[in-house]
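As structure tokens, the structure follows; a few thoughts come after it.
Chains as they are written, first to last, in my numbering: chain A, 10 to 302; chain B, 34 to 353; chain C, 26 to 536.
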């Protein structure tokens, strides 16, 4: 590719700036990683910044052998997988008809979806509905109250609309059914968008904790984030000790800094792994563009 | 019970609206497409629209033991209390200011980042950068808050070490009313910009490469390609995201402020969400909380409606 | 009004979602149990077997492998001894109170709930959501009556009905001054006694390089966010922030007394002369401890158990570091003091829907009485054993069995002698009981110990914020000390006067 001199300079600056920004983004993560591989003493005396001090894997072996960690890990994985599948399937099923002008009542439904994004009942009324529908203290409290995201319906609908109509029509002439066209033509062509919302939903499920606080009190159903909050955040702001735990006496020695860091890393890595798998679809999207034209 | 009834009625209504022969034929040949929408529609009715009706508790002294039907009606009392509270105007102003700063500085960030990333030709470099910039999104504010206190510390923080090396006085970033909002906005951008760029990257990925090929043949510079191809192709996504963002203009992010604020910056840092948390959630004042939430939602709705009209005037598609 | 109707409605929801097998007629069953001989401890085997669901705060403690809150020897111990089938529920420690609100709203209510928040308790009493326990405490609560003092019962009694069984605070207060003796020695100083001597030590620690490394890297004194860790300094003026105290036969809030202004002026002086850690406003638990452990501060107001925390870490980091407790600073008028804990650490309440208040009282009575020693110390000869009249703790077992504390602290008796044994068993070198004794001698207690008043519910959050904002700004010099008078005026106007009137109405009745 031929670039002018000015373009070359801009491009070089672009490379450098992004590189620096990436390092800036990486720094806190490295900090936590270094803590997870250091001793408790080194951390509390402020000697750990970006490199482990008194290197050891002990924190990891302790976290990974912790029963409660493993159980909540399972819940989180299950929740992320089931939840994301439900999200993506329902979103596509709703978005496809909405992308077709010939569907009657489309604008009404569309308004219903969009309006729900701009106005809502808020936490307490939603809680009451979740309670009435019998989801409290069940696994489904993680899945159903957030089953469809209005925002993603709009994104996917717009993407479906950009799938060339000729492709669908020719499939129709070949005798494809409505649903057949959706699953064999439209969805494969929309993979970049679907990969995007899959990632959004997966991360959302993995990181979510507030719905547990609201809807679930059964410990067997607690996901990783709740486990982490108990481990990591607890004590952080309790310095004036007004929260009623006068017996912090025992926990001060147990909740080791390195342990917290290790649990944090161990529970962030799985969701990071998802990304590269989906990333290839972003690249594919570019190639698919040529098919579209 | 009540929930099921409500949905049932709605469903029947939907059908009666769609009667008429011509329509019926169209529905028959696409019946399966109507059918697959049902779960989604049902979801919205039950979990989004029923709670909207539930905001009536903002006009009650709602007690969980009496329920919506049994609670005492108090009219606009909670709203009056809200507007009468001395701090309310300070809090409202802070909320608006922080939010507007976040919008002005934070909204373009992901767009610019996506465009910059798109210009990187070296695939491995591009992918590494992409992977790194979204890392902060995964760390919660509670952890980042601790790290920020260290980094910004006037005596030992790296930022202030640089500042003193350059011969300036150290800055008390987190306890100075002048700096607090800047810190909030900047750290928010830093945390979310990479994540926010994902959707724009997907939009750019959807652009037909033939457009660029044709532009190169015509001798268009990179800059021209950006102005005439990339940006216009992203425009619909940008407008939609901007409009939606306006709807949440009063949501400034509870966790971040909660972790970083302190008594010296209440004047500039206390926002609606921290206020609601203090007086609403901590003391289980459900009705009051719902009233404040309702107030917020109405403001958001008005803003989006206005902006949507504006967008349409400018020839953009808008949300509806 | 139609309270009865309400109750039946709630019961309806509770029943429909409750899967455990419970006796279908609660009245009848409690009648039968009251017919059986009751009162003394040995009757427990004859008492009816019942199933109850109980919510406690686990405080983030861990269970050993293969165990959980419902599957461990301590809960089995209670189950066997009380002949009750107990199911425990432990919401996340972070956001515990929020979880309680959710539980109360869920319609599937447990038989007993532990809360540490007095206003939460008061709020649900007001909503008629809790049941009166008088009858059952009379019948099954002999140990509870013995181990919980009269004053404490008063705070949970409304119109003659007891709505909660309190868990008591084991310690009289938390804060005591600790100093680096090695730093004092380096500078040739004596342990300070008066406030002025304290000030001189702070000055020397900040300016005279107590650690001898020729760097200006030490603070004179260190405090923490939300004006924490300054109680002994304020105490030298004879008061404690926010507490009610008697003046001329009336209760007044110490925060608006002239003594408070003097105390603030003293601390503001420390800040002005750069003796305080300039970042004290931002210090949370973690970085507060870090600064002590890393040798940046040699004088601070420690919690009595900090000798096992940051002070221990400091000694491990620097073997030369020698920490000693100090006399509480003596103020200009010869006063000393530190924040005293309220009597009550938490409340066990029984929701109105529960059909087993009798069983809840039976359980709590056992945990508070006969069972307490085991719940606090662990099983004898497993976690600890008696050697030469002293308790010797096996620390590995102690830490493994730490989850037992959840049960013990939920219904702690007042002044049990086991508490002392336990603290000693954690290691005499940590000086825990000595710290507690020193604190007990000067602790200033709140003289209001009724239930939170309606005015507190309405205004307290805002008043606390107002106070915090003013006091912090006065200390760091953003406001002059004379702004205190404006604060007092605002405090009174914004609900302070209303609360004062309510508090004094209570005081007149309970003097």
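Where is the CB? At the ideal position from N, CA and C, for every residue including glycine.
Remark: C-beta atoms of residue 527/C and residue 489/C do not approach each other more closely than 7 Å. Residues of chain C with a Cβ closer than 7 Å to the Cβ of residue 239/A are, in chain order, 85, 117, 118, 119. Taking a beta-carbon distance threshold of 7 Å, residue 76/A counts as an interface residue toward chain C.
Only 16, 19, 20, 23, 24, 26, 27, 28, 30, 31, 32, 33, 34, 35, 36, 37 from the segment 16-37 of chain A bring a Cβ to less than 9 Å from some Cβ of chain B.
Residues are counted here when their Cβ sits less than 9 Å from a Cβ of chain B; for the segment 165-194 of chain A these are 167, 168, 171, 186, 187, 188, 191, given in chain order. An exposed status is given to residue 241/C, since fewer than 16 other beta-carbon atoms sit within 10 Å of its beta-carbon. DSSP places residue 202/B outside both helix and strand once states are collapsed to three, so it counts as coil. The contact set of residue 40/A on chain B, defined by CB atoms closer than 8 Å, consists of 180 in chain order.
Neighbours of residue 254/B in chain A, taken as residues whose beta carbon is under 8 Å from its own, are 13, 16 in chain order.
Taking C-beta atoms as the reference points, residue 222/B and residue 333/B fail to come closer than 7 Å.
From the beta-carbon of residue 177/C, no residue of chain A is found nearer than 8 Å; the closest lies around 15 Å away. Residue 58/A counts as exposed, since fewer than 16 other C-beta atoms from the protein chains shown sit within 10 angstroms of its C-beta. It is roughly 10 Å from the alpha-carbon of residue 438/C to the alpha-carbon of residue 444/C.
Annotation: Cβ neighbours of residue 227/B in chain A (cutoff 9 Å, chain order): 30, 31, 34. The beta carbon of residue 42/A sits closer than 7 Å to the beta carbons of 274 from its chain, once the five residues preceding and following it are set aside; these are given in chain order. Residue 279/B and residue 284/A have their C-alpha atoms spaced approximately 29 Å apart. Residue 156/B counts as exposed, since fewer than 16 other C-beta atoms from the protein chains shown sit within 10 angstroms of its C-beta. Here residue 231/B has no same chain residue with a Cβ atom under 6 Å from its own Cβ, once five neighbours each way along the sequence are excluded. One alpha carbon belongs to residue 305/C, the other to residue 129/C, and they sit about 38 Å apart.
Taking 9 Å as the cut-off between beta carbons, the residues of the segment 125-155 of chain A near chain B are 125, 126, 127, 128, 129, 130, 131, 132, 133, 134, 135, 136, 137, 138, 139, 141, 142, 153, 154, 155, in sequence order.
For the 7 Å CB-CB criterion, residue 224/B and residue 143/B do not form a contact.
With a threshold of 7 Å between beta carbons, residue 497/C makes contact with chain B. By the rule that beta-carbons nearer than 7 Å mark a contact, residue 275/C does not touch chain B.
Closest by C-alpha distance to residue 322/C, out of 205/C, 87/C, 214/C, is 205/C. Remark: C-beta atoms of residue 282/C and residue 245/C do not approach each other more closely than 7 Å.
In summary, residue 431/C is buried, with 16 or more beta-carbon neighbours lying within 10 Å of its beta-carbon over all protein chains present. Within chain A, no residue has its CB atom less than 7 Å from the CB of residue 471/C, the nearest being about 13 Å off. Here residue 379/C is not near residue 81/C, since their CB atoms are 7 Å or more apart. Per the Cβ contact rule, the segment 505-518 of chain C is in contact with the segment 275-291 of chain C (3 or more Cβ pairs under 8 Å).
Looking only at 417/C, 475/C, 325/C, the smallest Cα-Cα distance to residue 184/C is reached by 475/C.
Look at the beta carbons and you see the segment 81-97 of chain A touching the segment 194-212 of chain A: at least three pairs across the two are nearer than 8 Å. In summary, the residues of the segment 294-321 of chain C whose CB is separated from some CB of chain B by less than 7 Å are 303, 304, 306, 307, 311, 312, in the order they occur in the chain.
Legend: CB atoms of the segment 329-344 of chain B lying less than 7 Å from CB atoms of chain A belong to residues 330, 333, 334, 337. According to the DSSP secondary-structure assignment, residue 355/C is paired through a beta bridge with 219/C.
Contacts between residue 84/B and chain C, judged by CB atoms closer than 9 Å, are missing: the closest CB pair is about 14 Å apart. Residue contact with chain B for residue 493/C: present (Cβ-Cβ distance below 7 Å to some residue of chain B).
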